[in-house]
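Going by our numbering, the residue at position 109 of the sequence shown is 115; the numbering climbs one at a time, nothing skipped. Here is the structure we will look at.
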Amino acid sequence: MNKINAAITGIQGYVPPDLLTNKDLEKIIDTNDEWIISRTGIKERHILKGEGLATSDMAAEAVKGLLKKTNTDPLDVDLLICATVTADMVFPSTANIVSDKTGLKNAWSFDLNAACSGFLFALSTAAQFIETGKYKKVIVIGADKMSSIVDYTDRTTCIIFGDGSGAAMLEPTTDGTGIIDSIMHADGSGRDFLHQKAGGSLKPASHETVDAREHYVFQEGKSVFKFAVSKMADVSAKIMEQNNLKSEDISWLVPHQANLRIIDATARRMGLDKSKVMINIEKYGNTTNGTIPLCLWEWEDQLKKGDNLVLSAFGGGFTWGAIYLKWAYDPS
Ligand code: UT7
């Protein structure tokens, strides 16, 4: 029997309707549209507004759309993994809440936190369950309400983040498509450069932590940038080499959208023309776990069965990785 691969058999994204443009940011911090575009490539981001709305609401929208378009009975889903750094609550997991909101009564579910590499870590984890032959339908979500942890007085950080979510259905296939290879890395010494200081067991919430604005993303942008450029390019080149892929064999690079300059460096290292790179950072900014599924969702109509895709990410931790997959279906 041919080897069982885990294939993405459907993809759905969701972004909330409210926009935060560079012009809007000009009104609240000392910045300008031209600086943001030239340093990051971002023009606007979507922001989840409304009382009582959280990451699980955006994730549930993506999952509902995914179930509908793949014609899946929610009771047939075996497992749901939600990659997020902005869980609704410290516990229970956002995945548990999404399952409840979308009627996945037979699925077990858990969150996975690998910062901006979370969707790739979750996809790689989910693939193992499918490849054993035991699981038939697994949903992987990447979702973040970054606006809930972004400090809108910190001009060096707040300009890059936005809110959004995406969900992928994974199913077994033996036709040679699906996830072929993955390389994942983590180096916790990178925590100094990108983290949220308070709210965890190290520094529980107190008046002092709130006053010191320690419940927001802290980022030393320049240092993170240096690591991101080299690690994302290295791991993307490595997965090509490991699978004997030349630039002309690759149909699409699907990169994490943190900064257009990081994406360009990765594409250059892979020898890829920009026409083969999925880029939507100008519309959404860095949605953390949402970036890669949002790209796949937006480009779904252009993807053909057998297309070679390289998915690549770098994030807090540090974490980074790449996945090589063969797309499993033609546009409907
Ligand atoms: O997704 C997970 C991982 N995260 C990333 O991959 C993000 C990686 N880092 C970056 O993308 C970039 O470092 C940023 C976009 C965050 C910042 O860009 P940068 O080119 O590294 O800027 P910088 O922090 O080195 O600042 C350069 C200059 C400084 O002025 P001086 O000291 O040269 O006079 C800043 O004060 O730009 C100034 N600056 C700004 N000016 C206008 C910083 N932020 C802004 C701003 N508007 N928003």
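Backbone N, C-alpha and C fix where the C-beta goes; we use that ideal spot for every residue, glycine too.
Residue i: first and last residue of the uninterrupted beta strand (DSSP E) it sits in
i, result
"R275", "Looking at the DSSP string, R275 is not in any beta strand (DSSP E); the run it does join, the alpha helix (DSSP H), is 266 to 276."
"N11", "11 to 20"
"W333", "Here W333 belongs to no beta strand (DSSP E), and DSSP marks it neither H nor E."
"A173", "169 to 179"
"A192", "184 to 192"
"I53", "50 to 53"
CB-CB length for residue i against residue j, believed under 8 angstroms
i, j, result
"A319", "G312", "Not quite, the Cβ-Cβ distance comes to about 23 angstroms (not below 8 angstroms), so this is no contact."
"L85", "W41", "Contact doesn't hold; Cβ gap of about 44 angstroms is too wide."
"K55", "D39", "Their Cβ separation, rounded to whole angstroms, is 22 angstroms, which puts K55 and D39 out of contact at 8 angstroms."
"T325", "H191", "7 angstroms"
"L149", "N295", "Note on residue identity: the sequence assigns Ala, not Leu, to residue 149. Correct: roughly 6 angstroms between the Cβ atoms."
"L259", "A273", "6 angstroms"
"Q225", "L200", "5 angstroms"
"V104", "L129", "That belief does not hold up - the Cβ atoms of V104 and L129 are roughly 17 angstroms apart, past 8 angstroms."
"L81", "N112", "5 angstroms"
"R275", "A239", "4 angstroms"
"I53", "D169", "5 angstroms"
"L118", "T131", "7 angstroms"
"I329", "I185", "6 angstroms"
"T163", "V96", "With 8 angstroms as the limit, T163 and V96 do not qualify as a contact, their Cβ atoms being about 23 angstroms apart."
Any C-beta of chain C under 7 angstroms from that of residue i
i, result
"M276", "No chain C appears in this structure, which consists of one protein chain only."
From the options, residue whose alpha carbon lies closest to that of residue i
i, options, result
"M340", "I10, A334, K9, K228", "Beyond the ends of the chain as shown, which are 7 and 338, falls residue 340; an answer cannot be given."
"T179", "G206, A239, A133, Y290", "A133"
"K228", "N265, N292, A218, P23", "N265"
"H262", "I136, G172, G182, I185", "G172"
"D255", "A243, N314, A234, M238", "N314"
"K151", "F167, K9, G47", "F167"
"I287", "I17, R45, G277, E177", "R45"
"E304", "G322, V316, I285, L317", "I285"
"E155", "H221, G194, G19", "One detail in the question is off: residue 155 reads as Ile in this sequence, not Glu. Nearest option by C-alpha distance: H221."
"D270", "L251, I245, F231", "F231"
"L31", "P23, D160, A218, A66", "D160"
"G71", "F135, E57, T108", "T108"
"K9", "N77, L25, I147, E137", "E137"
"L300", "F125, K332, Y158", "F125"
"K280", "A89, R267, P22", "R267"
"T27", "R51, G323, E177", "R51"
"A66", "Y20, I43, K75, Y290", "Y20"
"I43", "K310, E177, K289, D187", "K289"
"D187", "R219, G206, G194, M246", "M246"
"I14", "S257, N102, P23, K142", "K142"
"L278", "V69, S242, Q248", "S242"
"L317", "S338, A211, K282", "K282"
"V83", "V144, G196, A60", "V144"
"A12", "A121, D106, D181", "D181"
"S338", "G321, G323, K310", "K310"
"I35", "T76, E306, I165", "I165"
"E177", "K140, P210, I189", "K140"
Range covered by the alpha helix (DSSP H) that runs through residue i
i, result
"T46", "39 to 46"
"E1", "Limits of the chain in this structure are 7 at one end and 338 at the other, which puts residue 1 out of reach."
"A66", "61 to 75"
Task: 3 or more residues per run - each beta strand (DSSP E) lying fully within the region 81 to 160 - done: 85 to 89, 114 to 118, 144 to 151
Task: Entirely enclosed alpha helix (DSSP H) segments - the region 275 to 319, minimum 4 residues - done: Qualifying alpha helix (DSSP H) stretches, in chain order: 287 to 290, 297 to 305.
Open item on the list: Could you tell me which whole alpha helix (DSSP H) segments of length 4 or greater appear in the region 208 to 273?
Closed with: 213 to 217, 227 to 248
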